[in-house]
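What follows is a single structure, written as structure tokens, with notes after it.
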Amino acid sequence: MKLITLIAVMGLLTACVESINLNSVDYNSLFNDNNSKVWMVDQVLQDGDNVAPTIDLQKDLIIFHESRVVDIVPLADIYKSTPKKGSYYLDSEEKTMSIEFMDKSEWIFDLNYITEDSVLFIPQEGSQLQFSLKLKPFPEL
Numbered sequence: 109m110k111l112i113t114l115i116a117v118m119g120l121l122t123a124c125v126e127s128i129n130l131n132s133v134d135y136n137s138l139f140n141d142n143n144s145k146v147w148m149v150d151q152v153l154q155d156g157d158n159v160a161p162t163i164d165l166q167k168d169l170i171i172f173h174e175s176r177v178v179d180i181v182p183l184a185d186i187y188k189s190t191p192k193k194g195s196y197y198l199d200s201e202e203k204t205m206s207i208e209f210m211d212k213s214e215w216i217f218d219l220n221y222i223t224e225d226s227v228l229f230i231p232q233e234g235s236q237l238q239f240s241l242k243l244k245p246f247p248e249l
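Residue numbering for the sequence shown follows my numbering, beginning at 109 and increasing consecutively.
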């Protein structure tokens, strides 16, 4: 009797576990909201020190478009200067992002820390930018 009960319990537990399908998280909509999304470079980290400006108006903006185009422009010069343009590729499973600019320079990052209100980009070996970037969505004015 105990053997039958044990087999029945094990059967129920394994049947429940096998029927659950886990889907990996797709971070594309986090970055572009299926259109375009503006992020502020909140921190630029070099050897653990934040070297970004403390005043928001002096910080850079990164705009991720659904078309895989990325624009980087200083907030203070948003209407005065041409943004640095590139294309980005996001691998949600590997949690990596690469950005290739028109001048053929490339930034390659691991997305170490991802929440709905901030993302930490850690440069990979071979990336032409060797600073970590902490992005946050452009704040409400």
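Here a beta-carbon is modelled for each residue, glycine too, at the ideal position from N, C-alpha and C.
Looking from the CA of E224, the closest CA among I112, K145, A160 belongs to K145. Given a length threshold of 3 residues, each whole run of the beta strand (DSSP E) inside the segment 207-244 is given here in chain order: 214-223, 226-231. Inter-residue distance for I171 and D211 is about 18 Å (C-alpha atoms, whole angstroms). Under DSSP, the beta-bridge partners assigned to P182 are D168. Annotation: the continuous beta strand (DSSP E) that includes L198 extends over 192-199.
Where S144 is concerned, the enclosing beta strand (DSSP E) starts and stops at 144-154. Taking C-beta separations shorter than 7 Å and ignoring five residues to either side along the sequence, the partners of S213 in its chain run Q236, following chain order. The beta-carbon distance between V181 and S189, rounded to whole angstroms, is 6 Å. This is short enough to meet the 8 Å contact definition.
Note on geometry: alpha-carbon atoms of M205 and F217 lie some 5 Å from one another. Between N220 and the set E208, L169, E202, the nearest pair of CA atoms involves E202. Under the three-state reduction of DSSP output, N158 falls in the strand class. Shortest Cα-Cα distance from L249 to any of L138, F139, L165, N158 involves L165.
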